[in-house]
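Enquirer: Protein chains in written order, with our numbering: chain A, 1 to 549; chain B, 1001 to 1334; chain C, 2001 to 2131. Think of the CB as a built atom: it goes at the ideal place given N, C-alpha and C, for glycine as much as any other residue. The model shown is predicted, which means the values in this text are computed figures rather than measured ones.
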Amino acid sequence: MADELTPDELLDKIDYATDSGNWLDTTKSVQIRPGMYCYAAKPESVETLGLPNARSWNPTEEDWKLPDNWQQIIHDGIKERLEKFRTFKIFMDVCVRCGACADKCHFFLGTGDPKNMPVLRAELLRSIYRNDFTTAGKILQKIPGGQRLGGNRPLTLDVLKEMWYYFFQCTECRRCSVFCPYGIDTAEITIMARELFNLLGLNIDWIATPVSNCYTTGNHLGIQPHAFKDMLDFFVEDIEDITGVDCTPNYQKKGADILFVTPSGDVFADPGTYTCQGYLILFKYLKEKYGLDVTWSTYASEGGNFGFFTSHETMKRLNAKMYYEAKRLGVKWILGGECGHMWRVIHQYMDTMNGPADFLEVPVNPITGTKFHNSASTKMVHITEFTADLIKHGKLELDKGRNANRIMTFHDSCNPARGMGLLDEPRYVINNVCDNFYEMPPNTIRENTFCCGSGAGLNAGENMELRMAGALPRATALKHVHEKYGVNTLGTICAIDRAALSTLCEYWVPEVEVAGIHELVGNALILPGEKERTEDLRMEPLPGCEEEE
Amino acid sequence: MTQKYLIPLTAVFLLFLVAYAGAGAGLGWFFGIVFPYLAVIAFLVGFVIKVMGWARSAVPFRIPTTCGQQKSLPWIKQNRIDNPDTASGVFIRMLLEIFLFRSLFRNTKAAFNRNASNRITYSWEIFLWVAALAFHYAFLVVLLRHFRFFTSPVPSCVQFLEALDGIVQLGLPGLFLSGVVLPAAVLFLLARRLFDQKVRYISQGSDYFPLFLILGIAVTGIFMRYFTKVDIVAIKEMTMGLVTLSPTIPDGVASLFYGHLFLVSILFAYFPASKLMHLGGVFLSPTRNMANNTRAKRHVNPWNYDVPIHTYEQYEDHFRDKMIEAGLPVEKKE
Amino acid sequence: MTKNMIMGGLAVFVLAVLSPFWFNMVTTTQAAPEPELLGPAKQAKKCVLDTYDMRTSHMSLLDEWRDAVVRDADRIYVAANGHAFNMSLSTGENSCLGCHEDKAKFCDACHTYTSVDPYCWDCHTNPKEIE
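1. Could you pull the start and end residues of the beta strand (DSSP E) that residue 1086 of chain B belongs to?
2. What are the boundary residues of the beta strand (DSSP E) that residue 23 of chain A is part of?
3. Could you give the first and the last residue of the continuous alpha helix (DSSP H) run that contains residue 294 of chain A?
4. By how many angstroms is the C-alpha of residue 485 of chain A removed from the C-alpha of residue 86 of chain A?
5. Need the endpoints of the alpha helix (DSSP H) that residue 2021 of chain C sits in, please.
6. Chain C beta carbons: is any one of them nearer than 8 Å to that of residue 1265 of chain B?
7. From the DSSP secondary-structure annotation, give me the bridge partner or partners of residue 2086 of chain C.
8. CA-CA distance, residue 1 of chain A and residue 463 of chain A?
9. For the alpha helix (DSSP H) that residue 1219 of chain B lies in, which residues bound it at each end?
10. Can you tell me the Cα-Cα spacing of residue 1009 of chain B and residue 1200 of chain B, whole angstroms?
11. Is there contact between the stretch 2095-2111 of chain C and the stretch 2033-2043 of chain C, where contact requires at least three CB pairs shorter than 8 Å?
12. Which same chain residues, not among the five before or five after residue 404 of chain A, have their C-beta less than 6 Å away from its C-beta?
13. Can you give me the C-alpha to C-alpha distance between residue 127 of chain A and residue 454 of chain A, rounded to a whole angstrom?
14. If we call anything under 8 Å between Cβ atoms a contact, is residue 74 of chain A one with residue 155 of chain A?
15. Which parts of the stretch 14-101 of chain A are runs of the alpha helix (DSSP H), unbroken and 4 residues or longer, counting only runs that do not cross its ends?
16. Measure the alpha-carbon distance for residue 2127 of chain C versus residue 2090 of chain C and round it to whole angstroms.
17. From the DSSP secondary-structure annotation, give me the bridge partner or partners of residue 541 of chain A.
18. Name the residue from A:392, A:505 and A:299 whose alpha carbon lies nearest to the alpha carbon of residue 225 of chain A.
19. Counting only beta-carbon separations shorter than 8 Å, does residue 1231 of chain B have a partner in chain C?
20. Taking a Cβ distance cut-off of 7 Å, strictly less, list which residues of the stretch 1105-1139 of chain B are near chain A, in chain order.
21. Given this structure, state the Cα-to-Cα distance separating residue 1044 of chain B from residue 2050 of chain C, to the nearest angstrom.
22. Verify the CB distance criterion: does residue 333 of chain A have a CB-CB separation below 8 Å to chain B?
23. Taking a contact to mean a Cβ-Cβ separation below 8 Å, would you say residue 376 of chain A touches residue 323 of chain A in this structure?
24. Just to confirm the assignment, what range does the alpha helix (DSSP H) spanning residue 1129 of chain B have?
25. Against chain A, which members of the stretch 1079-1104 of chain B pass a CB distance test of less than 9 Å?
26. Do you know whose CA, among C:2095, C:2062, C:2072 and C:2006, lies nearest residue 2046 of chain C's CA?
27. Quick check: what's the CA-CA separation for residue 1122 of chain B versus residue 468 of chain A?
28. So residue 260 of chain A and residue 318 of chain A are supposed to be a Cβ contact under 8 Å. How far apart are they, rounded?
29. Would the stretch 491-509 of chain A and the stretch 208-224 of chain A be scored as touching if the rule is three or more Cβ pairs under 8 Å?
30. Starting from residue 231 of chain A and walking both ways along the beta strand (DSSP E), at which residues does that stretch end?
31. Got a sec: is the Cβ-Cβ distance from residue 96 of chain A to anything in chain B below 8 Å?
32. Can you give, in chain order, each stretch of the alpha helix (DSSP H) that sits fully within the stretch 1233-1317 of chain B and has at least 4 residues?
33. Can you confirm whether residue 79 of chain A, when its beta carbon is compared against all beta carbons of chain B, has any partner nearer than 8 Å?
34. What distance in whole Å lies between the Cβ atoms of residue 513 of chain A and residue 488 of chain A, which are believed to be in contact at a cut-off of 8 Å?
35. Answer with yes or no whether the minimum CB distance from residue 1333 of chain B to chain A is below 8 Å.
36. Three or more C-beta pairs closer than 8 Å, one from the stretch 392-409 of chain A and one from the stretch 1053-1064 of chain B: is that the case here?
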């Protein structure tokens, strides 16, 4: 674990000079190593959704307790997915192994493990595909040495284990896809591989348990309705202490204008909680000033979707709650909070899976009159789109000075960047609530952004070495602006980032804090009737209010 | 490890020798007529089957990789090419991708400097892009120039291309630029595979084989034009015979030509079963050829099916007491 | 991309690949020129190269001649068959075109057929045209 491995020791391990030899031969020597893998899914979590082969098992043990016909299951599973997904079929066929993607992956850059090159990660699965599904593969099987020549191999238990190990070392960040001349998206291949693993019950617990929680209690963390309310009540008290204003939100309010959905991580853990308080402050402000009625729901209390890291079907089952609840409550449209993969799901999948949302209206901001044409069908708006629109129209009274102690940079989260293109909206918001903003180097932001190293369900505790290695490219860039401009706050619009980047900073750049964008909005926003604030949402003194020593 | 490239290299040599010796031994009809026809048939049938196979697979979700600012609020400048929301934007993105290899143009090279700065640094890495572009365009020019062997009279556009390709007017017969660029680019791509450790590690025999094959084709072609010389009137009689479906084997066709033709035929026949199918695939990649407007226009999944979900009613039934106690609204009071 | 677009694109591709075949069906195809010895050449029975080498390598020979004549003032070429020839493309009876009188048949027919555009005639003139 990285707890045992210092940053220096981790850096010592990096070597981009790959060993010689044929990677097809190294399958057996792959060891599922502590610090690099996540624990196996608990059977009860797999059972909640009725997914196959629930049992307790351990990746480091020899016997994975697979069904006898597991090879057939995988074979049929690949076949089915080749028919269902053109992406999968084309990505299996057209890679020319040019190597452009090789050094684009944060896990390769952080570990130097050649099987973390995106091309090779995909080749693990492609070698099976070529062997079992292509004419060339079938011919080569008959020639001695032919399989090796084409890089083909049969699906053995060792191969399965190797695939499992490496497809749970991919955060589906899509950075490789930006550089691929054919747009081959390793995220898509990882999604397929993980679907296949789930056919055998080979999920990791950090994904399976949140999925199970989300299904029954409405959110990944399994926060039950009364507890959810308790937690928000707690924030309301804090906000009242700081501002003197009661920001109590609506829950499941029928006929509200807008349903608000955000990842449950923001309700649960710092520093996401401050972002959550920012939402409460914003909604209070809009209610007081403009009469906008926003409601939360304890049923649809999860924006994120770990089903996305399990299978398309699971993703759909978890996502269904948003429309279901919006319809029941009779709101006009849905507003979504700051989250990464949540927005990939909403932007590129939700309407297709669970739409059409013809019971909702095309989103209009009633305060500014702006019609959100870009979400005309899905009817769900990103909160930074919403807030940016409010600021642009001068509808928010902001005191930038309250964030004067924050020297900001912004981490583009993979999914909003490469699965949506939400780049300038959060920057616009930051620049309007804070005076000091510096970009990280261009190769590490916007569409070139680096993953936090913990996405796609890999933000567990037991794989910390992997996470910190994967975090290195982001940390390097952050350290650069920290040293050059004195950056002390890393802004982000993703709940997993808020948790993962905090760990990253602690490990690699301890002087930097992580903050959600709406935490800064919450600090800057001048609530009607507020008392003079002396503390920010972290209950630390505002600039100029520090106590004299 | 070395067998990954030694076997393909040997295979290309042997294939050439088989045709070279075979033609000398009176098998010209096979290498000059039967096999080329078979190769063209294999190419077309294989290509069509492969692409139809791709077309048959569904595109359930609209999942473009977005490489720029989305279309959102009217005052935020959208990147219409790298994040297109319209068909015309997608068209331009695809043109740039197919004809200028835009994604590859972005390529960077990462380096980690342990001990000195402990930083990962990135530099622009243009050579792969240059070589790839040079290779593909030189190959295209060479291919189109060969229409002089398949048309009579030769259309002026082909003659114009020849004049352009031979614009340096060097030597006799005049040097074609494509004849220099093509082998040079192939050698660069080959050198990358052999000497760049990462690329060497990911390369398979099936990556070296087409390179050696194309190199073999280029070298035999260059030899025929500049060095050993062949009777091209006889060769054109033969190629014209092929394309007018009245094949003949004229006297005086050099064995070297049979070697050249056989390697070309192998390339054609091998094409659909190999990674070379990226020629078709580049048009079809759903991460590039779709507009990023999924929230604005609903994309329909042809196999979308109903799934069991946990309804609000089930949820309320489960938590009703706790919800009532916490003062949360419920549908049913008991 | 819709299936129809893919099928359309595929049809275009197949047509392009088959273009050498259908192009010759829809246009009139000229046959290969038949070499024919006329006039003085018919009687001469000797030439600078034998037939096959003449067909494959005459351009190299002319290139060598040009260098020999222009740079070294060397005007006599002794062929493999032992006969000596005047190194000249188009001047006088003892030149290529002096013997092979019909440029159109001797040079142009094959050059046109194979789309070769030699720059000989940038400087040289067909003696027939001078008269």
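Expert: Reading it off the structure:
1. Run containing residue 1086 of chain B: none; DSSP gives neither H nor E here.
2. Taken as a continuous stretch (DSSP letters only), residue 23 of chain A belongs to no beta strand (DSSP E), as it is neither H nor E.
3. It is not in any alpha helix (DSSP H) - residue 294 of chain A instead sits in the beta strand (DSSP E) that spans 294-296.
4. 46 Å
5. 2019-2026
6. no
7. C:2076
8. In this predicted model, residue 1 of chain A has a pLDDT of only 43, less than 50, meaning its place in the structure is not dependable; the value taken from the coordinates is given anyway. Cα to Cα, residue 1 of chain A sits roughly 7 Å from residue 463 of chain A.
9. 1205-1222
10. 16 Å
11. yes
12. 543
13. 27 Å
14. yes
15. 43-48, 70-84 and 86-93
16. 6 Å
17. A:535
18. A:299
19. yes
20. 1106, 1107, 1108, 1109, 1110, 1112, 1114, 1118, 1119, 1120, 1122 and 1128
21. 42 Å
22. no
23. no
24. 1127-1145
25. 1079, 1082, 1083, 1085, 1097, 1101, 1102, 1103 and 1104
26. C:2095
27. 20 Å
28. Incorrect: roughly 18 Å between the Cβ atoms, too far for contact.
29. no
30. Counting along the chain, residue 231 of chain A falls outside any beta strand (DSSP E), though it belongs to the alpha helix (DSSP H) covering 225-243.
31. yes
32. 1255-1270 and 1278-1284
33. no
34. 6 Å
35. no
36. no
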